[in-house]
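To convert, note that position 246 of the sequence shown is 246 in the numbering used here; the numbers rise steadily by one, no gaps. The beta-carbon is built from N, C-alpha and C at its ideal position, and this holds for glycine as well. Small disclaimer: the values here were computed from a predicted structure and weren't measured.
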Amino acid sequence: MNRTSTTDAIILRNSRIGDIHKRVTMLTPDQGLLSAIAHGAYSRKGTLRGVTNPFCYGRCYLYTDPVKQSVKITDLSVHEFFPGLRESITRFYSASLWAELLLKTFGGGGQSEPLFTLLLSALRALDSAVDFSPVTIQFLWRYLETGGLQPELDACAACGRRFPPSDHRYYDSRCAGFACSQCTDPAICPALSPGAAAYLAHSGGLEFSRALQIGLNAAASRNARRVLYRIVQDVAENPLNTLRIGGSLL
1 MNRTSTTDAI ILRNSRIGDI HKRVTMLTPD QGLLSAIAHG AYSRKGTLRG VTNPFCYGRC
61 YLYTDPVKQS VKITDLSVHE FFPGLRESIT RFYSASLWAE LLLKTFGGGG QSEPLFTLLL
121 SALRALDSAV DFSPVTIQFL WRYLETGGLQ PELDACAACG RRFPPSDHRY YDSRCAGFAC
181 SQCTDPAICP ALSPGAAAYL AHSGGLEFSR ALQIGLNAAA SRNARRVLYR IVQDVAENPL
241 NTLRIGGSLL
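Dropping the structure here:
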């Protein structure tokens with residue numbers, strides 16, 4: 001067994017082990033979510049102290065102990081720190097929402113390489129974004145696609161009737177998709193506006209940075225986020241703490 005390995009990684013979460021050690025959970029393109037110990041990362045002189053913080057992206061060097069069945073980080077060469085995320089509380093909460101979603105859904109249940117590429121693209125865009133909204137919308141919508149969970153926009157998930165362009169679509173968790181007004185209760189199901197639906201349909205097939213250039217008015221943006229937050233919390237099967245705590249920012 002080869003005890004040493006390397007992988008690209010994006011740090012998602014830290015937790016303390018004892019006084020000076022850190023458990024690091026990261027997303028990798030080849031192994032999905034991976035948990036490893038960074039020894040001495042909480043000590044003032046620890047070499048892994050500053051490079052194992054959330055949202056650092058780099059090349060991670062690992063050692064696997066087959067006896068203890070543990071993995072430790074021996075080094076991490078950071079490619080990008082994304083300093084803009086720490087300069088804005090809204091940017092930081094946005095990235096935290098994505099990280100919490102990935103952790104609670106065990107990486108979305110899909111292939112890890114497309115998800116890793118998506119998260120990296122989103123973090124790069126968010127790092128300098130003035131308006132976080134399109135970045136979050138694109139990340140969440142594409143996250144659903146990578147896991148095979150993206151709802152159909154063209155037809156009712158219950159009866160199969162195609163939606164006219166001017167119709168609202170109502171997200172109904174019972175059918176895990178958008179339903180027409182005849183097949184659900186519009187009073188209790190969040191409605192996706194025609195403008196928001198058209199935006200998702202058009203922009204979702206574009207390259208990430210190109211999709212961010214597509215205009216979306218404030219009302220449609222709020223509507224799309226509200227509906228996507230509902231969908232991803234259903235996928236996570238739990239409320240997301242980031243939305244509970246920072247909902248007013250997001």
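Roughly how many angstroms separate the alpha carbons of Leu250 and Trp141, rounded to a whole number? Approximately 16 angstroms, taken between the alpha carbons.
Three CB pairs or more closer than 8 angstroms across the stretch 81–97 and the stretch 26–39: Between the stretch 81–97 and the stretch 26–39 there are fewer than three C-beta pairs closer than 8 angstroms, too few to call the two in contact.
Inter-residue Cα distance where the pair is Val78 and Asp8: Roughly 10 angstroms separates the two Cα atoms.
List, from N- to C-terminal side, the beta strand (DSSP E) runs of 3 residues or more that fit wholly inside the stretch 54–133. Counting only runs of 3 or more, we get 57–65 and 70–80.
Quick check: what's the CA-CA separation for Ala122 versus Val135? Going by the C-alpha atoms only, they are around 6 angstroms apart.
Under three-state DSSP, which class holds Ser248? Look at Ser248 here: in three-state DSSP terms it is coil, with no helix or strand label.
So, do the stretch 40–47 and the stretch 151–170 have three or more beta carbon pairs nearer to each other than 8 angstroms? Cβ pair count under 8 angstroms is below three, so no.
CA-CA distance, Ala191 and Ala155? The alpha-carbon atoms of Ala191 and Ala155 are separated by roughly 14 angstroms.
Less than 8 angstroms between C-beta atoms, sequence neighbours within five positions excluded: which residues of the same chain meet that for Leu243? Hits under 8 angstroms: Leu97, Tyr229, Gln233 and Leu250.
Does the separation of the CB atoms of Gly110 and Thr146 fall below 7 angstroms? Yes, they are a contact pair.
Give me the Cα-Cα distance between Pro239 and Ile245, rounded to the nearest whole angstrom. Those two C-alpha atoms are separated by around 11 angstroms.
Do the stretch 216–223 and the stretch 193–202 make contact, defined as three or more Cβ pairs closer than 8 angstroms? Counting C-beta pairs closer than 8 angstroms gives three or more between the stretch 216–223 and the stretch 193–202, which meets the contact rule.
Which stretch, first to last residue, makes up the beta strand (DSSP E) that contains Asp234? Segment Ala218 to Ala236 is the alpha helix (DSSP H) holding Asp234; no beta strand (DSSP E) there.
By Cβ distance, which residues of its chain are closer than 7 angstroms to His168, with the 5 residues on each side in sequence left out? Contacts found: Ala191, Leu192, Ser193 and Pro194.
Which residues in the same chain have their Cβ closer than 6 angstroms to the Cβ of Ser203, if we skip the five residues on either side of it in sequence? These residues qualify, in order along the chain: Ala211 and Ile214.
Taking Cβ positions only, does Pro164 come closer than 7 angstroms to chain D? Here there is only one protein chain, and chain D is not present.
To which residues of the same chain is Leu144 closer than 6 angstroms at the C-beta, ignoring the five residues directly before and after it? Taking C-beta separations shorter than 6 angstroms and ignoring five residues to either side along the sequence, the partners of Leu144 in its chain run Gln150, following chain order.
Evaluate Asp19 with the Cβ neighbour count: other Cβ atoms within 10 Å of its Cβ, from every protein chain shown; 16 or more gives buried, anything less gives exposed. Result: exposed.
Between the CA atoms of Cys189 and Cys175 - distance to the nearest angstrom: The alpha-carbon separation between Cys175 and Cys189 amounts to approximately 12 angstroms.
What do you reckon, are the CB atoms on Val24 and Thr52 nearer than 7 angstroms? The Cβ atoms of Val24 and Thr52 lie closer than 7 angstroms to each other.
Within 7 angstroms, strictly: CB atoms of Ala157 and Gly177: Against a cut-off of 7 angstroms, the Cβ pair of Gly177 and Ala157 comes out as a contact.
Cβ of Leu76 within 7 angstroms of Cβ of Gly50? Leu76 is not a Cβ neighbour of Gly50, given a cutoff of 7 angstroms.
Exposure label - His22; buried when at least 16 CB within 10 Å: The sequence shown places Lys at residue 22, rather than the His named in the question. Around the CB of Lys22, 16 or more other CB atoms lie within 10 Å, so the residue is classed as buried.
Helix, strand or coil at Val24 [DSSP, three-state]: If DSSP states are grouped into helix, strand and coil, Val24 belongs with the strands.
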